[in-house]
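From first to last, the protein sequence lines are chains A and B.
So the first sequence is numbered by the numbering used here: it starts at 1293 and just counts up by one.
So the second sequence is numbered by the numbering used here: it starts at 1293 and just counts up by one.
Positions of the beta carbon are idealized from the N, C-alpha and C atoms, including for glycine.
As the structure is a prediction and not an experimental result, all values here were calculated from the model.
Number of protein chains: 2
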Amino acid sequence: MSETPQGVSVHPVAGLPEFSPGDDLPAAIADAAPWLADGDVVVVTSKVVSKVEGRLVRVPAGADREAARQQAIDDETVRVVARRGPLKIVETRHGWVVAAAGIDASNVRGDSLVLLPEDADASARRLRTRLRELLDVEVAVVVSDTFGRTWREGLTDVAVGSAGIPALIDHRGDVDVHGNRLETTQVAVVDELASAADLVKGKLAGVPVAVVRGLGFPTPHEDHGTRPLVRLGAGDLFAYGVRDLVPAREPGRDLVPRAGELAAVAEAFRIASAALPEFPVVLRYGDEETGVVDVHLPDAVTTTAALNLGAQLGAAIVQLHAEGWTTRWEPVGTPGGSSLVGRLWLGTPAP
Amino acid sequence: MSETPQGVSVHPVAGLPEFSPGDDLPAAIADAAPWLADGDVVVVTSKVVSKVEGRLVRVPAGADREAARQQAIDDETVRVVARRGPLKIVETRHGWVVAAAGIDASNVRGDSLVLLPEDADASARRLRTRLRELLDVEVAVVVSDTFGRTWREGLTDVAVGSAGIPALIDHRGDVDVHGNRLETTQVAVVDELASAADLVKGKLAGVPVAVVRGLGFPTPHEDHGTRPLVRLGAGDLFAYGVRDLVPAREPGRDLVPRAGELAAVAEAFRIASAALPEFPVVLRYGDEETGVVDVHLPDAVTTTAALNLGAQLGAAIVQLHAEGWTTRWEPVGTPGGSSLVGRLWLGTPAP
């Protein structure tokens, strides 16, 4: 039998103590893992980073732990992305979209809640520097947390902080063995490292640190930590889940014109009329100049026709907002003899 | 310096040939990895499984490769979840939500596109059985593919098929060292294995198989493969992304009453009025019986008021659909003296 080829190995760092605010995490890791070597990736569960950094919310004896948890979630939340019952999926100020703002009540004393580190990239950089000082090794550091995913059951560990390693390894522009250019193969290597480390860390064994050896990676010229992983704004096709679908984009007053408004309105009305067949309306819209779409009712303007048009218009505007447009509606008053009922301005918000 | 503690190791399977339909993948793996041992997890890139199973679409010389790719995506799609330009995020018939139905044009000859395996769990089971026959080893198998994620840049490998290992390891009901019950710690271990394997497989090196050793896992009593990972339907808070937000739920004609309709309507109108401040309306709605909400205009019913009400109503209905309600609108005709303009029925669709 031939020898098993070398690849990557993942090693637990056992024997670490329970951590409290102010403890020296790098010294504890250096003590427990004197075998750390150049090129290793040290993957640390965010919870111990938060503990030593004092990112804890104390829950007084007798207080409602769940109410305190909901309050802490709200305090850490920039935006609620989806909500169902007590479950909130939110955007944190770090730019992570995560259930309960990453706050967890497990693996912590009953009187505390643990928040995500204030700046886990900075935590990773400090840990990396201190391990260099203590052990004379050049390692990368990943701070990991356990996140859920859309459309897939089960949790996996991902990176919320990193130092000394590119978050994304970019194969774009490379050519595969068949000569096809690889267009979109940007691998989130720090997330894969977090997942690999979780295979040995376990959830109950009290092993919050693992080391991945043998990967081989470039040291980043400028270290942006995990910032390149954040995908929000225009690239995000899932900005709104159940619940805050509609209010998420309030129309701005000042619009910057953007091309394609007539096609967007046509598509939005097509979608709205398919969704709301009980509000039948024959409408016309015309594009007189960039950024404004006149909305006409060709038939006699009755209140029923106006209600039906309104329903289609409301649904179409919601659809336009969901697709990144900002809108402004200008009514033309009671139509009277004219069939023109209003003008819909489309654009992007003024900066 | 103390010895590095054992954990989990990930080994590349090098020297595999280029695969074509009908090739014997298990025999090739057994040849290339005679060192396979009991308890190993063999992680195989789905692309080679698809190739040997003939899950290829030939693109004739001179044909439009992108058009052929879009057609293949449509053919593999159960439901478009989001769309922007040529990018489609779809639900495949396996229940995976993935860009381009998991179809990739890289790492394959220019005249072909590779589809996901027809049933990658079955592929994994067959590979597991054949490796037992060929090498007398009891291994688990994971079939992996490279997926994007919401809100995070970069791709990671996840499992699309598995055999001989539970997809989820369930810590629910376990108690942590502080005595807190862990409520939701279901780890998607096969996804973490796929990510760990990707660390050694690389994208260009032609290493489509890696082996994870040292994990330790129970053999499932009944092997459901990756089916437990599929999260669709009621548990999915992100059923609709950009583009098919509105049409996704057409109102059904037959409704089954469901509790909470008045609160849902109140919330939907609150959200709609925040999103559409340019359509001001003072409206009243009342709940006369379960499942029906009367919608009144308290002021004089002008066409402008009707248009404004319609806009709010259309946006509110979209919001209600997004939250899982089915609606039916029954107009009460031109209001005349009455302020009642219609009735909104809410419920769930009749089965």
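The alpha helix (DSSP H) enclosing residue 1613 of chain B, as first and last residue numbers = According to the DSSP assignment, residue 1613 of chain B belongs to the alpha helix (DSSP H) that extends over 1595-1614.
Note to self: Among the candidates B/1431, B/1379, B/1308, whose CA atom is the shortest distance from the CA of residue 1328 of chain B?
What the structure shows: B/1431
- [ ] Could you tell me which chain B residues have their CB closer than 8 angstroms to the CB of residue 1502 of chain A, listed as they occur along the chain?
- [x] 1299
Review point. Where does residue 1640 of chain B land, buried or exposed, given buried means 16+ other C-beta within 10 angstroms?
Key: Classification of residue 1640 of chain B: exposed, given that the 10 Å Cβ count is below 16.
Original post:
Taking the C-alpha atoms as reference points, what is the distance between residue 1618 of chain A and residue 1636 of chain A?
Top reply: 10 angstroms
For this session: Return helix, strand or coil for residue 1453 of chain B, following the three-state DSSP convention.
Result: strand
task = Check whether the Cβ atoms of residue 1502 of chain B and residue 1341 of chain B lie closer than 8 angstroms to each other.
result = no
task = Compare the C-beta of residue 1538 of chain A with all C-beta atoms of chain B and state if any pair is closer than 8 angstroms.
result = Any reading at residue 1538 of chain A must be qualified, since the residue scores a pLDDT of 38, below 50, and its modelled position is unreliable; the value itself is stated next. Output row for residue 1538 of chain A: interface = yes.
Subject >> Of the listed residues A/1420, A/1358, A/1361, A/1414, nearest to residue 1332 of chain A (C-alpha basis) >> reply: A/1420
Along chain C, which residues have their Cβ under 7 angstroms away from the Cβ of residue 1441 of chain B? Chain labels in this structure do not include chain C; the protein chains are A and B.
Exercise. Chain B beta carbons: is any one of them nearer than 8 angstroms to that of residue 1456 of chain A?
Worked result: no
Does residue 1571 of chain B have its Cβ less than 8 angstroms from a Cβ in chain A? yes
- Query: Buried or exposed: which applies to residue 1310 of chain A, given that a residue is buried once 16 or more other Cβ atoms fall within 10 Å of its Cβ?
  - Reply: exposed
- prompt: Got a sec: which bits of the region 1306-1328 of chain B sit with their beta carbon under 7 angstroms from any beta carbon on chain A, in order along the chain?
  reply: Answer set for the region 1306-1328 of chain B: 1306, 1326, 1327.
Report the residue from A/1568, A/1594, A/1613, A/1519 whose alpha carbon sits nearest the alpha carbon of residue 1622 of chain B. A/1568
Residue 1416 of chain B to residue 1511 of chain B span [Cα, whole Å]:
14 angstroms
Report task. Check whether the region 1483-1498 of chain A touches the region 1442-1461 of chain A, taking contact to mean three or more Cβ pairs, one atom from each stretch, closer than 8 angstroms. Result -> yes
Report task. Per DSSP, which residues does residue 1439 of chain B bridge with? Please list them. Result -> Per DSSP, B/1448.
Quick one: what does DSSP say residue 1432 of chain B is sitting in, helix, strand or coil? strand
- Task: Have a look at residue 1355 of chain B and residue 1361 of chain B and give me their C-alpha separation to the nearest angstrom.
- Result: Rounded to the nearest whole angstrom, the C-alpha separation of residue 1355 of chain B and residue 1361 of chain B is 11 angstroms.
Would you mind giving the Cβ-Cβ distance between residue 1479 of chain A and residue 1491 of chain A, rounded to the nearest angstrom? I have them listed as a contact below 8 angstroms.
-> 18 angstroms between Cβ atoms; not a contact.
So, with DSSP's three-state summary, where would you put residue 1318 of chain A? Residue 1318 of chain A falls in the helix class under three-state DSSP.
*In chain B, what lies closer than 9 angstroms to residue 1621 of chain A by C-beta?*
1568, 1570, 1571, 1603
When you compare the CB positions of residue 1440 of chain A and residue 1391 of chain A, do they come within less than 8 angstroms of one another, or not? yes
Let me know if residue 1295 of chain A comes out buried or exposed under the rule of 16 or more other beta-carbons within 10 Å of its beta-carbon. exposed
For residue 1458 of chain A and residue 1570 of chain B, what's the separation of their Cα atoms in angstroms? 47 angstroms
**OP:** Buried or exposed for residue 1313 of chain B, please, with buried defined as at least 16 other CB atoms from any protein chain shown within 10 angstroms of its CB.
**Re:** exposed
Beta-carbon separation (whole angstroms), residue 1302 of chain B vs residue 1508 of chain A, contact threshold 8 angstroms: With a Cβ gap of about 13 angstroms, residue 1302 of chain B and residue 1508 of chain A do not count as contacting.
- Would you list the one or two residues that DSSP bridges to residue 1391 of chain B? Checking the DSSP bridge columns, you'll see residue 1391 of chain B partnered with B/1381.
Practice task
Would you mind giving the Cβ-Cβ distance between residue 1556 of chain B and residue 1604 of chain B, rounded to the nearest angstrom? I have them listed as a contact below 8 angstroms.
Solution key: Contact flag wrong, Cβ pair sits at about 15 angstroms.
Exercise. Could you confirm whether any beta carbon from chain A is found closer than 8 angstroms to the beta carbon of residue 1530 of chain B?
Key: yes
Cβ-based neighbour list, residue 1499 of chain A, same chain, cut-off 8 angstroms, excluding 5 preceding and 5 following: Taking residue 1499 of chain A as the centre and dropping the five residues before and after it, the same chain places the C-beta of 1304, 1305, 1306, 1308, 1492, 1493 closer than 8 angstroms to its C-beta, in chain order.
Near residue 1560 of chain A, which residues of its chain fall below 7 angstroms by C-beta distance, leaving aside the five closest residues on each side in sequence? 1608, 1611, 1612
_According to DSSP, is residue 1422 of chain B part of a helix, a strand, or is it coil?_
Residue 1422 of chain B falls in the helix class under three-state DSSP.
Assigned secondary structure, residue 1356 of chain A (DSSP; H/G/I helix, E/B strand, else coil):
coil
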